[in-house]
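*Asks:*
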Amino acid sequence: MKQFPLLAAAACMTVASLWAAPAEAQFAKPADAIKYRQAALTLMASHFGRMQPVVKGQAPYDAEQIKANVQLLNTLAELPWAGFGPGTEGGEALPEVWSDAAGFAQKRDALKENMAKLQVAADSGDLQKVRAAFGDVGASCKSCHDSFRKKK
Ligand code: HEC
0 MKQFPLLAAA ACMTVASLWA APAEAQFAKP ADAIKYRQAA LTLMASHFGR MQPVVKGQAP
60 YDAEQIKANV QLLNTLAELP WAGFGPGTEG GEALPEVWSD AAGFAQKRDA LKENMAKLQV
120 AADSGDLQKV RAAFGDVGAS CKSCHDSFRK KK
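So for the sequence shown, numbering that gives the first Met the number 0 puts the first residue at 0; every next one is plus one.
#1: I want to check one thing, is the minimum distance from the CB of Ser98 to the heavy atoms of the ligand HEC below 7 Å?
#2: Could you tell me whether the segment 134–149 touches the segment 90–97, using the rule of 3 or more Cβ pairs below 8 Å?
#3: Compare the Cα-Cα distances from Leu126 to each of Phe83, Gly89 and Tyr60 and report the closest residue.
#4: In chain order, what residues of the same chain lie with their CB nearer than 6 Å to the CB of Gln118, ignoring the 5 residues before and after it?
#5: Are Leu78 and Ala39 closer than 8 Å when you measure CB to CB?
#6: Within a Cβ cutoff of 7 Å, which residues of the same chain sit near Phe133, ignoring the five residues on either side of it in sequence?
#7: CB-CB under 6 Å to Leu42, same chain, minus the five flanking residues each way: which ones, in chain order?
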């Protein structure tokens, strides 16, 4: 309860009961959820960013390596969203994540769709296709950050 000094006890009870819902049960407190989603986003960014030299033609294209990395990326792209449950406002997330939950979900789904397309491209072994799909994924990261992440 320490985290919510301004909330009435009743509101805390509501948050606590939401917190007990199965989807949120893995986090004992909001700070844990924030840490979890930031860690997941950091891992996703690392595995995405390491493809950039290949896409830019600055490193050789190893189709098998890219394919394996994109498989991992598709798994990582599933993770952050569970950390944005009710009552977890904070970090660098804007309040709109919760007040415009439908808009946030749309950006999340767009990312997942583009990740799946990147997988098809990586599986094809065609660098041109990987390059195009990589650009689309990057655009979905930016598009969500523009609306839902605090500016540095
Ligand atoms: C659906 C919205 C959304 C999408 C899509 C998205 N992000 Fe984010 N991202 C956020 C929000 C919101 C935060 C702030 C989270 C926080 O601080 O609690 C964030 C934070 C981050 C962070 C900082 C993590 C930290 O340590 O604080 C990185 C890095 C990041 N995103 C990379 C990416 C990359 C790379 C992609 C695309 C592959 C991506 N994000 C796609 C919403 C999104």
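All C-beta atoms, glycine included, are put in the ideal place defined by N, C-alpha and C.
*Replies:* By the coordinates alone:
#1: Position 99 of the sequence shown, counted from the start, is the residue given in the question as residue 98. For the ligand HEC, not one heavy atom lies less than 7 Å from the Cβ of Ser98.
#2: Counting Cβ pairs under 8 Å, three or more are found: they touch.
#3: Here residue 126 refers to the residue found at position 127 of the sequence shown. Of the candidates Phe83, Gly89 and Tyr60, the one whose C-alpha sits nearest the C-alpha of Leu126 is Tyr60.
#4: On the sequence shown, position 119 is the one that residue 118 refers to. Non-local C-beta neighbours of Gln118 in its own chain, meaning closer than 6 Å and more than five positions away in sequence, comprise Val69 and Asn73, ordered along the chain.
#5: Along the sequence shown, one-based indexing puts residue 78 at 79. Along the sequence shown, one-based indexing puts residue 39 at 40. Yes, they are a contact pair.
#6: Locating residue 133 in the sequence shown gives position 134, where the first residue counts as 1. Cβ neighbours of Phe133 beyond the five flanking positions: Met50, Val54 and Leu117.
#7: Mapped onto the sequence shown, residue 42 falls at position 43. Excluding residues within five positions, the ones whose Cβ falls inside 6 Å are Leu75.
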